[in-house]
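Residue numbers (my numbering): 13 to 583.
Structure representation (structure tokens):
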């Protein structure tokens, strides 16, 4: 019986040892047994968690391993999902293919670790030291990497979609083919990092430092790089359509053959940059500095170059078709005579003394020609209206400065009036266009009235409304103010010709009747001091929506006049 008894004792010792696995904290404390994150004994059975331990395939999900000392352990293929590793030291550990989903690793040390193929999605690694770590192919989707130290780390083919890296240090980090779609990299240090073929569309890189970084063929479509530093960064063949680079430092950056279509480079410093063959079509370079830049063969079709400086800028064979050169300084530009296309320039555009814009095929634009198409029309008023409510006034900014025709730093009714005067002059008329002339055909007639009636919207429910819709004052509605402007200026035979009083008066009376004899009535129409306008239905209920009141807009008869409700009811 002695031998069976010894075997039983030995078996119990093994079970006891397995059930009471421990881990060592970095201050020397031994935690025995290991607990889970809820404070209960963990079900883990295996080797104790200590430096250099072999823990391959260990199942430690939801374990509480705070302050664990796990230097050089081998946790290959282990399950550490939702584990608490706060302040843990895993320096030099092997964590290949480990599951760290949802794990808390804040303030931990993972320097020189192997995390190839590891799953760190939704994990919290705030303030973690990851210097020299290898995260090739790791999954860091939605991971919190705020203020992490990732100097010299390898993240080739890693997935960081939606990850937060605010304030992280990625100095000399390798991110080749990494996916950082919609990631937040605000204030990140990426100096001399390698992001060749990296994917960063719609990522936030405000204030990031990309100095001397390689982003060749990188995808930054729609990314926000405002106030970032990309000094001497290599963006050759990079994709940046719609990217925001407002105030960005692009000094001596390499952007040859890059795609910057519709990018916003307002106020950017692009001095000395290589933009050969770059696509800048429809990009905004307002107030940008392009001194000493090379734009040989660049595509600037439809680009906004207002107030841009081109001192010693090489424009050899650059395409300037339909570009807006308002107040641009081209006096020091090089090889301007080799450019192609027909850009629009103004009297404010500074050109070299020997350069003849007319001989070059350039078009002199007018101050009222906001869209640079060589004419002053309703499309220009639309752009003015899109800046905001002209009745209350809108403060000007760099992109909207050209709309400030009266130069008072505010966009309002004065600028609209000035536009109507300038446009009329440029179009060969001796008097300004008048409010109510929705098609700018020099008369205010039934066509204009029908447009106003079809879009009548006193509460601005269907905003925005533009000039051609009957909005004469540039606010957010089409109301009695617009109606009054139209009727005041009503002149079916043209307001450049003497009016015929009798027919005009009769027409005006008919128009007013059509507008006010619908199956509703204006409530307190005569009250003008801050009281809102209301509608009433046949039974006397006050309502806001014209449709609810029975108001049918947009119905016109074959003669072009809007039908009154009585006409509609009789259809």
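Backbone N, C-alpha and C fix where the C-beta goes; we use that ideal spot for every residue, glycine too.
Simplified DSSP assignment, three categories, for residue i
i	result
residue 534	With a pLDDT of 35 at residue 534, under the threshold of 50, the predicted position of this residue should be treated as unreliable, and no value is reported.
residue 436	helix
residue 559	Per-residue confidence for residue 559 stands at a pLDDT of 46, beneath the threshold of 50, marking its modelled position as unreliable; no derived number is given.
residue 321	strand
residue 32	coil
residue 287	coil
residue 292	coil
residue 481	helix
residue 349	helix
residue 162	coil
residue 43	strand
residue 133	coil
residue 211	strand
residue 172	coil
residue 316	strand
residue 61	strand
residue 106	strand
residue 222	coil
residue 450	coil
residue 304	coil
residue 183	coil
residue 55	coil
residue 596	The chain is shown only over 13 to 583; residue 596 falls outside these bounds and no answer can be derived.
residue 236	strand
residue 299	coil
residue 510	For residue 510, the predicted model reports a pLDDT of 46, less than 50, meaning its position is unreliable; a value from the coordinates is still stated below. In the structure shown, residue 510 sits in coil (DSSP, three-state: anything other than H, G, I, E or B).
residue 326	strand
residue 503	strand
residue 241	strand
residue 2	Because the chain spans 13 through 583 in this model, residue 2 falls outside it and cannot be assessed.
residue 126	strand
residue 487	coil
residue 469	strand
residue 276	strand
residue 455	coil
residue 116	strand
Residue interval of the alpha helix (DSSP H) (run including residue i)
i	result
residue 459	458 to 466
residue 496	492 to 500
According to DSSP, residues forming a beta bridge with residue i
i	result
residue 81	101
residue 362	341
residue 254	DSSP output for residue 254 lists no bridge partner at all.
residue 75	48
residue 610	Residue 610 lies beyond the residue range present for the chain, which begins at 13 and ends at 583; the question has no answer from this structure.
residue 357	376
residue 121	101, 141
residue 151	131, 171
residue 86	66, 106
residue 249	Note: residue 249 sits in no beta bridge, so no partner.
Neighbour flag for residue i against chain D, beta carbons, 8 Å
i	result
residue 219	Structure shown: chain D not included; a single protein chain is present.
Segments of 4+ residues assigned as alpha helix (DSSP H) that fall wholly inside the region 366 to 434: 390 to 397
The region 354 to 369 contacting the region 395 to 413, beta-carbon criterion three pairs below 8 Å: no
Cβ contact check for the region 383 to 392 and the region 270 to 282: 3 or more pairs under 8 Å: no
Cβ pair count under 8 Å reaching 3, the region 233 to 241 against the region 281 to 290: no
The region 455 to 463 touching the region 495 to 506, judged by at least three CB pairs closer than 8 Å: yes
At least three beta-carbon pairs within less than 8 Å, the region 123 to 130 to the region 145 to 152: yes
Sufficient close CB pairs (3 or more, under 8 Å) joining the region 415 to 424 to the region 470 to 483: no
Touching by the beta-carbon criterion (3+ pairs, under 8 Å), the region 462 to 475 and the region 429 to 446: no
Contact between the region 194 to 214 and the region 225 to 233 (3+ Cβ pairs under 8 Å): yes
The region 191 to 206 touching the region 163 to 173, judged by at least three CB pairs closer than 8 Å: yes
At least 3 beta-carbon pairs within less than 8 Å: the region 296 to 311 vs the region 322 to 337: yes
Meets three-Cβ-pair contact criterion under 8 Å: the region 96 to 108 and the region 52 to 59: no
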